[in-house]
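What follows is a short report on a single structure.
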DNA sequence: GTCTATAGCGGGATAGAC
DNA sequence: GTCTATCCCGCTATAGAC
């Protein structure tokens, strides 16, 4: 057991480097040698800490996605009124995708890869957790007359979550579309988050619910 | 020049096989041998028709994305009223992503790849075409009092396009979320398209515009 | 135009020195 | 724990027969 490693132990440095490279190039396009070089360590060290390249990749996925999936339920307190709950989920999704700059692309690659084979279990957890919760909240809102009754709850949940997800996945292109060089500045990400929540709520609320806004709630930071 | 090739000439067979494999596995993970095997042809034939693997990939991208980008402007007739125009763009995007089952994943990989290096020019065209057109329509709608004035046109365009894009990219996961085994059936894709258009329009229209629906327009098939 | 055979390189992974 | 050296395999690409 390592005793004292104040700044950057080797496994973490390797995970960081691997995460960045896997996210921007994909699994097969990223070589062991690149990872070593990017971490400033000898590539052979990878095989001291991880059994092979594939399981290094799993470790990368698990460190971010797994950690979120395990803590997600606790962050989505039950008993919130539907519209508040939906805002909370959008905010949580944003915070999640923001927690690492590479996360969204990592996730997008897994989604594009045939059946998301490597991250299957993690994605299953995300699906069963936040997504299911969201559809339930939509149904609740419909029963309460706050959400338009014609909406398909599953489709609506997809529409709501897609906005933030796509914003991060397509980041390089979105940045250019919005007139920025390189990445979208943090300030603009905040504004988009606020926009996405407003967009979703405007899309789903009934005229009467919209007419009686509960409060001018803000997205959690 | 080939005289008569009623069913599946070699280059097309190779492009088809390559498209499917690149989309589901990515560029580097797909081997020349796999492509040959999947096309039922000798892998060496690839080098008779294409200079190398990378340019085969470019040909795959260009055949689908390029073809769309070149014909897109013609399909988005100017002069439509803003809300009609927005519906038309959503329908065109749907038709595009639907034209090949692999297109969305191919595109998602390029978007996730650092700076979308390989498809840069094609993505630029898509960006400058339909996306710009969409933001203009939003601004027009705001001036006409049909679209809520507080909305940021760029953000709104991202929100609108993200729904359909994400639906296709995340297809395997979305299918499971919506309770289907494997792919989402065509019938449900239609329903989602209708939903996405309605969702977007509800999100952006002012109360007065919503109160005077122009007509119960349907998504083009 | 299509196929066989193979060159040549770069990848993942390991043995073992320090 | 970290590094050097290297093995072996599978990949892209080519030469050339048919």
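Residue numbers (this note's numbering), protein chains in the order written: chain U, 5 to 225; chain E, 5 to 225. Think of the CB as a built atom: it goes at the ideal place given N, C-alpha and C, for glycine as much as any other residue.
is_contact[residue i, chain E] using C-beta, thresh 9 Å
i                      : result
residue 62 of chain U  : no
residue 70 of chain U  : no
residue 206 of chain U : yes
residue 167 of chain U : yes
residue 152 of chain U : yes
residue 95 of chain U  : no
residue 125 of chain U : no
residue 128 of chain U : yes
residue 203 of chain U : yes
residue 212 of chain U : no
residue 195 of chain U : yes
residue 171 of chain U : yes
residue 181 of chain U : yes
residue 89 of chain U  : no
residue 28 of chain U  : yes
residue 120 of chain U : yes
residue 159 of chain U : yes
residue 79 of chain U  : no
Endpoints, alpha helix (DSSP H) assigned at residue i
i                      : result
residue 151 of chain E : No alpha helix (DSSP H) holds residue 151 of chain E; DSSP gives it neither H nor E.
residue 172 of chain U : 157-173
residue 79 of chain U  : 71-79
residue 62 of chain E  : 57-65
residue 112 of chain E : 107-116
residue 87 of chain E  : 86-103
residue 133 of chain U : Segment: none, residue 133 of chain U is in no alpha helix (DSSP H) and carries neither H nor E.
residue 40 of chain U  : 36-43
Short CB-CB distance (under 9 Å) between residue i and chain U
i                      : result
residue 42 of chain E  : no
residue 115 of chain E : yes
residue 155 of chain E : yes
residue 143 of chain E : no
residue 133 of chain E : no
residue 176 of chain E : yes
residue 112 of chain E : yes
residue 54 of chain E  : no
residue 137 of chain E : no
Sequence-distant residues of its chain with Cβ nearer than 7 Å to residue i (five each side left out)
i                      : result
residue 79 of chain E  : 96
residue 157 of chain E : 139, 142 and 143
residue 210 of chain E : 149, 150, 151 and 152
residue 60 of chain E  : 22, 50 and 54
Residue i vs residue j beta-carbon contact at 9 Å
i                      : j                      : result
residue 68 of chain U  : residue 107 of chain U : yes
residue 148 of chain U : residue 81 of chain U  : no
residue 34 of chain E  : residue 22 of chain E  : yes
residue 201 of chain U : residue 91 of chain U  : yes
residue 14 of chain U  : residue 53 of chain U  : yes
residue 130 of chain E : residue 63 of chain E  : no
residue 179 of chain E : residue 186 of chain E : yes
residue 112 of chain U : residue 115 of chain E : yes
residue 166 of chain E : residue 167 of chain U : yes
residue 30 of chain E  : residue 31 of chain U  : yes
residue 204 of chain E : residue 181 of chain U : no
residue 213 of chain U : residue 163 of chain U : no
residue 155 of chain E : residue 184 of chain U : no
residue 4 of chain U   : residue 137 of chain U : In the structure as shown, chain U begins at 5 and stops at 225. Residue 4 of chain U is therefore absent and cannot be evaluated.
residue 77 of chain E  : residue 145 of chain E : no
residue 39 of chain E  : residue 58 of chain E  : no
residue 195 of chain U : residue 171 of chain E : no
residue 28 of chain E  : residue 56 of chain U  : no
residue 177 of chain E : residue 120 of chain U : yes
Identified DSSP bridge partners for residue i
i                      : result
residue 16 of chain U  : According to DSSP, which records beta bridges pairwise, residue 16 of chain U is partnered with nothing at all.
residue 209 of chain E : E/151
6 Å CB neighbourhood of residue i in its chain, flanking five on each side removed
i                      : result
residue 7 of chain E   : At residue 7 of chain E, the pLDDT of 35 sits below 50, so the modelled position is not reliable; the number obtained from the coordinates is stated separately. Counting only Cβ-Cβ distances below 6 Å, and skipping sequence neighbours, we find nothing.
residue 100 of chain U : 72
residue 104 of chain U : 68
residue 98 of chain U  : 168 and 197
residue 123 of chain E : 65 and 114
residue 192 of chain U : none
Contacting residues, own chain, Cβ-Cβ under 8 Å from residue i (five flanking each side not counted)
i                      : result
residue 66 of chain U  : 126
residue 173 of chain U : 108, 109, 111 and 112
residue 37 of chain E  : 47
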